[in-house]
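Number of protein chains: 2
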Amino acid sequence: MSEPFAFRLLKSDGAARRGEIVTPHGAVQTPAFMPVGTQGTVKGLMPEAVAATGAEIVLGNTYHLMLRPGAERIAALGGLHKFMNWPLPILTDSGGFQVMSLSALRRLEEHGVTFRSHLDGAMVELSPERAIEIQALLGADIAMQLDECIGLPATLEEITRAMQLSLRWAERSKRAFKGRARDGYALFGIVQGGDNPALRAESARALIDIGFDGYAIGGLAVGEPQDVMLKIVAETTPILPADRPRYLMGVGTPDDLMAAVARGIDMFDCVLPTRNGRHGMAFTRHGAINLGNARHATDARPLDEQSTHPAARIYSRAYLHHLTKANEMLGQVLLSTINLAYYQTLMAGMREAIASERFADFQAATKAQWAQGDIVTM
Amino acid sequence: MSEPFAFRLLKSDGAARRGEIVTPHGAVQTPAFMPVGTQGTVKGLMPEAVAATGAEIVLGNTYHLMLRPGAERIAALGGLHKFMNWPLPILTDSGGFQVMSLSALRRLEEHGVTFRSHLDGAMVELSPERAIEIQALLGADIAMQLDECIGLPATLEEITRAMQLSLRWAERSKRAFKGRARDGYALFGIVQGGDNPALRAESARALIDIGFDGYAIGGLAVGEPQDVMLKIVAETTPILPADRPRYLMGVGTPDDLMAAVARGIDMFDCVLPTRNGRHGMAFTRHGAINLGNARHATDARPLDEQSTHPAARIYSRAYLHHLTKANEMLGQVLLSTINLAYYQTLMAGMREAIASERFADFQAATKAQWAQGDIVTM
Chain C
44 MSEPFAFRLL KSDGAARRGE IVTPHGAVQT PAFMPVGTQG TVKGLMPEAV AATGAEIVLG
104 NTYHLMLRPG AERIAALGGL HKFMNWPLPI LTDSGGFQVM SLSALRRLEE HGVTFRSHLD
164 GAMVELSPER AIEIQALLGA DIAMQLDECI GLPATLEEIT RAMQLSLRWA ERSKRAFKGR
224 ARDGYALFGI VQGGDNPALR AESARALIDI GFDGYAIGGL AVGEPQDVML KIVAETTPIL
284 PADRPRYLMG VGTPDDLMAA VARGIDMFDC VLPTRNGRHG MAFTRHGAIN LGNARHATDA
344 RPLDEQSTHP AARIYSRAYL HHLTKANEML GQVLLSTINL AYYQTLMAGM REAIASERFA
404 DFQAATKAQW AQGDIVTM
Chain A
44 MSEPFAFRLL KSDGAARRGE IVTPHGAVQT PAFMPVGTQG TVKGLMPEAV AATGAEIVLG
104 NTYHLMLRPG AERIAALGGL HKFMNWPLPI LTDSGGFQVM SLSALRRLEE HGVTFRSHLD
164 GAMVELSPER AIEIQALLGA DIAMQLDECI GLPATLEEIT RAMQLSLRWA ERSKRAFKGR
224 ARDGYALFGI VQGGDNPALR AESARALIDI GFDGYAIGGL AVGEPQDVML KIVAETTPIL
284 PADRPRYLMG VGTPDDLMAA VARGIDMFDC VLPTRNGRHG MAFTRHGAIN LGNARHATDA
344 RPLDEQSTHP AARIYSRAYL HHLTKANEML GQVLLSTINL AYYQTLMAGM REAIASERFA
404 DFQAATKAQW AQGDIVTM
């Protein structure tokens, strides 16, 4: 029998929390950042390279994997951990967000959502029950309820309707999960309610009544300004139970992560470090650096001589510039690696700062270093 | 002072040779296969991953690197070894082959070749002297003379003209190399003469008179059948000095490599393992396998459970199929890695077989295993 799913709150510093999540595939120190492995791979990186950046958990996408290669096929091959050779914890999203953003011709009904696959045009149905089934077939340590995620801005009526549908789906998700739950595997509910604090509070309280292993805040980073996002986070986290992990979905920039941790968030996922890395952008202690810029062409300095990761210490900016200009795969691989390593270093720094009750100082010092910028030595 | 360049012939088995090349950046066991690092990177692979396949030397392309980022720039950044973080030996080609195959609007003259860059349309000149200068700026352990490489079939007149021009360029290359040679760095001459044995012999003898550290056979694998290529190899190698390494340029398939080693070749380079890997093809003990084929979709077996490389033992064919169909970068990375590892395993097998005087048996057994094919267990 696996160790049951658990969250231990180790320390608080203001609203910021230092904790540990225990799953059947190991522990995750929080605040945690989860690299995104959309199609059963963190793009371009061997799993051991992902682990070497410091990642302890990755995210898999239900929408992509259900369409290709299919959840039943992955289950027959031993589950997603084995399929992608990632022995550590995996969280899977429910597919709801991608159904809305990627598929054409979707029909939303009480029972679920029917959509046309972006791969082969086939009509596919996803219900709360099927989303749970798929995530169980994948073997996710942490599964997410199916929700309806809408963009912002939206009308109050539309936000209310989607939030209430998501709540009814939350209840069905919980029932389906209990029906097939294996020991130690977890299900998170997702708070919806757009940019409306009252609807967010209503959603959070109703989810707590249903009871989940953790609580996500969904439907943010969908077009609204950062201050709106942070306001919703700040007003939602105090409602959520202190003894459950809190996950802000699809967020964000390094600055977003620090600001959200300051407001009580424990977990994040985002494509930024890998997607921007594939387009020549590095995230570093000195802020974001665009390697495609000609000023790097003769710069022999590494991106960050103090990085925890050799890739950021060894390769010159001139080499990374060359690989970017030449559109070489290794440039995408190196910058994805360097960015994930920086994100993990940032998370580790936050964890350490919370543990020693100096999170505010850490946040200020980190922002000052970003603002100082990428000074070129002569 | 570096150890001088040296070739030690350790053992012969028929015409097949087991040897060792010593360069300023370390020793290379022969027969050796050199992965191709065209633009300062073996596509998609960290240099430590290239070394982990067993490679002891890589090839860099003068043509690509002179155009981007430029030889002078790489020299200012500490040379190609440092630029690409590859501490082991590097051989650079002279650029002649790519000028012919990649650039439009080239003008061939006695002095050299002027061509339009495929990158920015600039007119660029490459002479034997400049090719030597570029390779010295890159810091190549082994440099190649500039030659004129023509396609086959070609008229006797055309083959003769190109061979004689290449000889005059060989002489100028040698002179330029002596003028700037650093201790231990080597220059190879290139035998030309198309598919004509008499011209090949004339070319080889004239090169030996000039005197090089090693001898390449160029202008093959340019459209002629394998038996024509092997006949030229078999008739050329006996003319070449036994105490110098012999390099068959741009070759080839695993079968080509074995057949050429059987005819006295010590060194190879080819894009096949990486290029075909990027297109979903694996080279294995069981022959070539197209991972894009639907029959692999549910196959839980690894590509080769006996491989020396974990990537070939760990990942299922179903996963590699999935990555190939999803056009995921990791599929290209894994198959490039697996293919390079197979090529190195094949070379190591040949070296061991020659050392124990059973090369013919090894060749027959290897071919039998390829022919047996990729049997699917039920």
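From first to last, the protein sequence lines stand for chains C and A. Just so you know, the first sequence maps onto residues 44 to 421 in the numbering used here. Just so you know, the second sequence maps onto residues 44 to 421 in the numbering used here. Don't be surprised by glycine CBs; every beta carbon is placed ideally from N, CA and C.
- Taking a 10 Å sphere around the C-beta of A:Leu-315, we find 16 or more other C-beta atoms and assign the residue as buried.
- Counting along the chain, the unbroken beta strand (DSSP E) around A:Asn-333 starts and ends at 330-333.
- Within chain A, not a single residue places a beta-carbon under 8 Å from that of C:Leu-102; the smallest gap is close to 16 Å.
- Interface with chain A (7 Å Cβ-Cβ cutoff): C:Asn-128 is included.
- Against C:Met-324, chain A offers no close residue; the least beta-carbon distance is about 17 Å (beta-carbon pairs closer than 7 Å).
- Legend: CB atoms of the stretch 63-87 of chain C lying less than 7 Å from CB atoms of chain A belong to residues Gln-82, Gly-83, Thr-84, Lys-86 and Gly-87.
- For A:Pro-47, the closest of A:Glu-172, A:Leu-230, A:Lys-125 and A:Ala-114 by C-alpha to C-alpha distance is A:Leu-230.
- The three-state secondary structure of A:Gln-72, taken from DSSP, is strand.
- Flagged as an interface residue toward chain A: C:Pro-112, by a C-beta distance shorter than 7 Å.
- When 7 Å is used as the limit between beta carbons, C:Leu-366 is near these residues of chain A: Thr-84, in chain order.
- Residues of chain A whose Cβ lies closer than 8 Å to the Cβ of C:Gln-375 are, in chain order, Met-372.
- Comparing C-alpha distances from C:Ile-282 to each of C:Glu-115, C:Ala-58 and C:Arg-51 shows the shortest one belongs to C:Ala-58.
- For C:Met-109, the three-state secondary structure derived from DSSP is helix.
- Restricting attention to A:Ala-241, A:Ile-308, A:Gly-121 and A:Glu-245, the CA atom closest to the CA of A:Ala-179 is found in A:Gly-121.
- C:Glu-267 is a Cβ neighbour of C:Asp-238, given a cutoff of 7 Å.
- Residue-level contact by beta carbon holds for C:Ile-357 and chain A, with a gap shorter than 7 Å.
- Taking 7 Å as the CB threshold, C:Leu-151 stays off the interface with chain A.
- Per DSSP, the unbroken beta strand (DSSP E) holding C:Ser-55 starts and ends at 49-56.
- When DSSP states are grouped into helix, strand and coil, A:Thr-388 belongs to the helix group.
- The bridge partners DSSP lists for A:Glu-63 are A:Arg-51 and A:Gln-72.
- By the Cβ criterion, the stretch 287-303 of chain A is in contact with the stretch 403-420 of chain A, since at least three pairs of Cβ atoms, one from each stretch, lie closer than 8 Å.
- Rounded to whole angstroms, the separation of the alpha carbons of A:Glu-176 and A:Ala-186 is 10 Å.
- DSSP, read as helix, strand or coil, puts A:Val-276 in helix.
- In this structure, the alpha-carbon of C:Tyr-362 lies about 32 Å from that of A:Ala-213.
- For a cut-off of 8 Å, the C-beta gap from C:Ala-325 to A:Gln-82 is around 20 Å, too long to register as a contact.
- Pairing C:Leu-373 with C:Ala-354 gives a Cβ-Cβ distance that is not under 7 Å.
- Taking 7 Å as the threshold, the shortest C-beta distance from A:Ala-369 to chain C falls below it.
- For C:Arg-401, DSSP assigns no beta-bridge partner whatsoever.
- Note on the stretch 307-389 of chain A: whole beta strand (DSSP E) runs with a minimum of 3 residues are 310-312, 324-327 and 330-333, in chain order.
- Cα atoms of A:His-107 and A:Leu-162: separation of roughly 9 Å, rounded to the nearest angstrom.
- If you draw a straight line from the Cα of C:Val-156 to the Cα of A:Ala-114, it is about 58 Å long.
- Counting every other CB atom within 10 Å of its CB across the protein chains shown gives C:Glu-371 a total of 16 or more, marking it as buried.
- A:Gly-103 is bridged by DSSP to A:Gly-80 and A:Thr-135.
- If you compare the alpha carbons of C:Arg-287, C:Gly-236, C:Lys-274 and C:Ala-249 with that of C:Gly-257, the shortest gap goes to C:Arg-287.
- Annotation: Cβ neighbours of A:Arg-116 in chain C (cutoff 9 Å, chain order): Ala-340, Thr-341, Ala-361 and His-365.
- Cβ neighbours of A:Leu-242 within its own chain (closer than 7 Å, five residues either side excluded): Ile-202, Thr-203, Met-206 and Gly-236.
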